[in-house]
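What follows is a set of notes on a single structure, which appears directly below.
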Amino acid sequence: MRLSHLFFTTLRDDPAEAEMPSHRLLVRAGYVRQLGAGIYSLLPLGKRVNDRVEQIIREEQDRIGAQEMEMPVVHPADIWKASGRYQAIGPELGRFKDRNGRDMVLAMTHEEVVGLLLADVVKSYRQLPMQVYHFQTKWRDEPRSRGGLIRVREFVMKDAYSIDRDEAGLDRSYWDQHGAYVRTFERLGLDTIAVSSDVGMMGGSLAHEFMVLNPAGEDDLLLCETGDYAANRQIAVVPKPEPTAESALPLEEVETPGTTTIATLAAFLGVGQDRTAKAAFFVTGDGRLLTAIVRGDHEVNETKLVNAVGATGGIRPATVEEIKAAGMEPGYGSPIGARGTVVVVDDLVERSPNLVAGANREGFHYRNVNVGRDYTPDVVADITNVQEGAPCPQCGRPLILRQGIEVGNIFKLGTKYTDAFGATYLGEDGQQHPIVMGSYGIGVGRNVACIVEEHHDDKGIVWPAEVAPYAAHLVSIGAAREPRVQEVAERLHALAAEAGDRREILWDDRDESPGVKLTDAELLGMPWILTVSPRSLGAGGIEVTERATGERSTRSIEEVEAMLVNGFEVPTPVV
RNA sequence: CGGGGAGUGGCGUAGUGGCUAACGCACGUGCUUUGGGAGCACGAGAUCGUGGGUUCGAGUCCCACCUCCCCGACCA
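Encoded structure:
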């Protein structure tokens, strides 16, 4: 490809609104352009990287026997009503009406369509197991997109679905996908950690997220240095220390002016924060007021809270008015004397005697509050965040807290969607059985961004060879003075084009100064930079620079021709 | 949706009530230049986010709205 004809432009200045390196570099180097919040166009270079990433994902899906297909982006809303998600999911689900006034949906994912197809296609156990997948655009009207391609509203996802007879089959499919993911991310040049995760809106029984560690990541991960524990904080559970046994003391109201935070309260009373209980207030999608009680030195984990009370529509923080309407005083709140609220108590608080808690009166708290005696919980559950340094449940070493970006996930769905669509198969026993499903997602664009996050330097992008849009970047210098430069460049360019798509090179044939061309070559990030100039020809051929290391050497024209045809390096085969 | 910030040629910015809206980059033409973001000359390119208002006069002040970015609640 001749750069003079490539649909792109580079920017000398960093775009003002790009903060993450991947966003900044992909915009500056002319790979992507933004259309709106969380909506991006892929320019030709970006499209080629995207296609390379897709191809790697495709090869690893095919390797485990998954079959590629394609399902629509626009769905009749009926199928989402049938699964219950039309009602359960909020405004992030794109909805519109067609010309006949029928409710329609922009797909966020494709479990419903798969469930419906299974009911149609699968009749017998003889057809199972199977896996299908597709690359398709998803629309998720996120409350907030961010980080360039890291979190967008419209994106292409590889979503795969496993189709099994039973749990044992699902387990095999699940771990097949796990293996495929490990190989995929390795080939993409991404260091990932598989962490246990929440099943979220998908429903189901077991899930892992593949995470790339990145300080700008949106998920908090708890990791053990030995690698024997890795979990998303949303679901991480570690044993809690047993509170010291004490007999319950009489409830005592104390004046605690101006102590609306646990820190000020504990300091005022001269007790540890672990001897206090704090209340947090939320409202569920179906309008229930939740009063969550955790120890003062802990924080509420909203995912666990949602799961503890089965809040399908999610939760939001309660307003001051809502809290007061239940007879509680923000800043001095507790369930004591409250009414019309679901009291959810952390299991540690339930076991902890004689805590300080709010008196529901401005400026007052109670000492010696005991669960069961002074108020009655509706739900007792683990609803706290695991904190950094908590003991690893496997080996007891202190856990490390890191931020991660989710580049892929795998879910054991079970029969949620096949039940919804009556997808059953006739077993060997002559009976109908529900088909058991799993679902497996990888966000393509997010992976592109994460690759840049991991593979760049202060000059620009440094693509791993397998995903680079072109095999090499040819820079011709001084062609006006020396006709041979142009001849050699023409020949190399044509030779590479004939060698096939994966061998094609980008030739900067523009009439630009050497500085501009070399700087752009580094910004664009092809793994090899070939420089042809009167100087290089005088030295015996072509200067070959490895982008990642900066190592350069002069090779004869014949050597470079051989490289173009045979590849600069053989991609490491992944077993 | 809450909090913070920003909308001025393609990009980055200056301009905080007063003349024809300025600068750098990028872009076009010509000449020079050609191994690390070249030089000179000429040139094209802006409804200053939108609508209303205040004023003799608004990019600048006021109101409303829209959009984008960042921080929080959600997810590939």
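Per the numbering used here, residue 202 is the first one in the first sequence, and the count goes up by one each step. Each residue gets a CB set at the ideal place from its N, CA and C atoms; glycine is no exception.
Would you list the one or two residues that DSSP bridges to residue i?
i      : result
Trp340 : Glu355
Trp708 : Arg203, Leu675
Thr393 : Val413
Glu607 : Met412
Gly642 : Asp360, Asn610
Phe297 : Met305
Pro599 : Pro592
Pro578 : Pro578 is not bridged to any residue.
Val545 : Ala493, Val580
Ala478 : Arg496
Asp365 : Val637
Phe325 : In the sequence as displayed, the identity of residue 325 is Ser instead of Phe. Ser325 pairs with Leu627.
State the DSSP-derived secondary structure class of residue i, mapped to helix, strand or coil.
i      : result
Ala621 : helix
Thr654 : The question names Thr, but residue 654 in the sequence shown is Glu. Helix at Glu654.
Tyr287 : helix
Met305 : strand
Gly559 : strand
Phe483 : strand
Gly532 : coil
Asp261 : For clarity, residue 261 is Glu in the given sequence; the question names Asp instead. Helix at Glu261.
Val776 : In this prediction, Val776 scores a pLDDT of 45, lower than 50, which makes its location untrustworthy; no coordinate-derived value is stated.
Met764 : helix
Pro585 : The question names Pro, yet the displayed sequence has Thr at residue 585. Residue state, collapsed to three classes: strand.
Leu242 : Sequence inspection shows Ser at residue 242; the Leu mentioned does not correspond to that position. In this structure, Ser242 counts as strand in the three-state DSSP scheme.
Phe469 : helix
Glu426 : coil
Tyr232 : coil
Asn433 : strand
Glu419 : coil
Arg736 : helix
Val771 : Note on Val771: pLDDT 48, under 50, position unreliable in the model; the coordinate value appears next. Of the three classes helix, strand and coil, the one that applies to Val771 here is coil, per DSSP.
Ile524 : helix
Pro277 : strand
Ser754 : strand
Val508 : According to the sequence shown, residue 508 is Asn rather than Val. In this structure, Asn508 counts as helix in the three-state DSSP scheme.
Leu452 : coil
Which residues in the same chain have their Cβ closer than 6 angstroms to the Cβ of residue i, if we skip the five residues on either side of it in sequence?
i      : result
Gly515 : Gly486
Tyr641 : Ala361, Gln378, Ile611
Ile265 : Asp377, Ala381
Gly742 : Thr755, Arg756, Ser757, Ile758
Assuming residue i contacts residue j (C-beta within less than 8 angstroms), just tell me the rounded distance between them.
i      : j      : result
Met309 : Trp340 : 7 angstroms
Ala278 : Arg354 : Contact doesn't hold; Cβ gap of about 19 angstroms is too wide.
Glu677 : Val733 : One point to set straight first is that residue 677 is Ser, not Glu, in the sequence displayed. Rounded, the Cβ-Cβ distance is 5 angstroms, consistent with contact.
Asp475 : Gly497 : 7 angstroms
Ala539 : Thr477 : Not a contact, Cβ separation roughly 18 angstroms.
Val645 : Phe336 : 7 angstroms
Gln595 : Tyr375 : The Cβ separation is near 21 angstroms, so there is no contact.
Counting only the same chain and skipping the five closest in sequence on each side, list residues whose C-beta sits under 7 angstroms from that of residue i.
i      : result
Arg225 : Asp215, Pro216, Ala219
Pro735 : Gly679, Arg682, Glu683, Val686
Ala512 : Thr485, Gly486
Ala519 : Phe482, Phe483, Val484, Leu490
Glu705 : Met202, Tyr671, Ala672, Ala697, Ala698
Ala267 : Gln332, Val333, Tyr334, Ala361
Glu603 : It should be pointed out that residue 603 corresponds to Arg in this sequence rather than to Glu. Around Arg603: Leu414, Leu422, Leu424.
Phe469 : Thr457, Thr460
Gln235 : Tyr241
Thr750 : none
Val254 : Leu389, Val645, Asn648, Val649, Val668
Identify, in the order they occur along the chain, each residue of the same chain with its Cβ nearer than 8 angstroms to the Cβ of residue i, setting aside the five sequence neighbours on each side.
i      : result
Lys788 : The displayed coordinates of the chain run from 202 to 776. Any statement about residue 788 would go beyond what the structure contains.
Gly623 : Ala320
Ser448 : Pro554
Pro222 : Val653, Glu654, His657
Tyr626 : Val323, Lys324, Ser325, Tyr326, Gln328, Leu329, Arg366, Gln633, His634, Ile636
Val771 : Unreliable positioning characterises Val771 in this predicted model, as indicated by a pLDDT of 48, which lies under 50. The coordinate reading is nonetheless provided below. Excluding sequence neighbours, Val771 sits near nothing in its chain.
Asn251 : Leu243, Val357, Val645, Gly646, Val649
Glu161 : Outside the displayed span of the chain (202 to 776) sits residue 161, for which this structure offers no information.
Val580 : Ala509, Val510, Val543, Val544, Val545, Val546
Ile601 : Leu423, Leu424, Cys425, Glu426, Glu589
Is residue i near the ligand NAD, going by C-beta to nearest heavy atom under 6 angstroms?
i      : result
Ser737 : Only the bare structure without any ligand can be found here, which leaves the ligand NAD out of the picture.
Open item on the list: Would the segment 377-390 count as touching the segment 647-666 if we require 3 or more Cβ pairs under 8 angstroms?
Closed with: yes
Open item on the list: Three or more C-beta pairs under 8 angstroms: does that hold for the segment 583-594 against the segment 435-451?
Closed with: yes
- [ ] Please determine if the segment 559-579 and the segment 603-614 are in contact, where contact requires at least 3 C-beta pairs separated by less than 8 angstroms.
- [x] no
TODO: Take every Cβ of the segment 557-567, pair it with every Cβ of the segment 529-541, and state whether three or more of those distances are shorter than 8 angstroms.
DONE: yes
TODO: Please confirm if the segment 746-763 is in contact with the segment 711-718, defined as three or more CB-CB distances below 8 angstroms between the two stretches.
DONE: no
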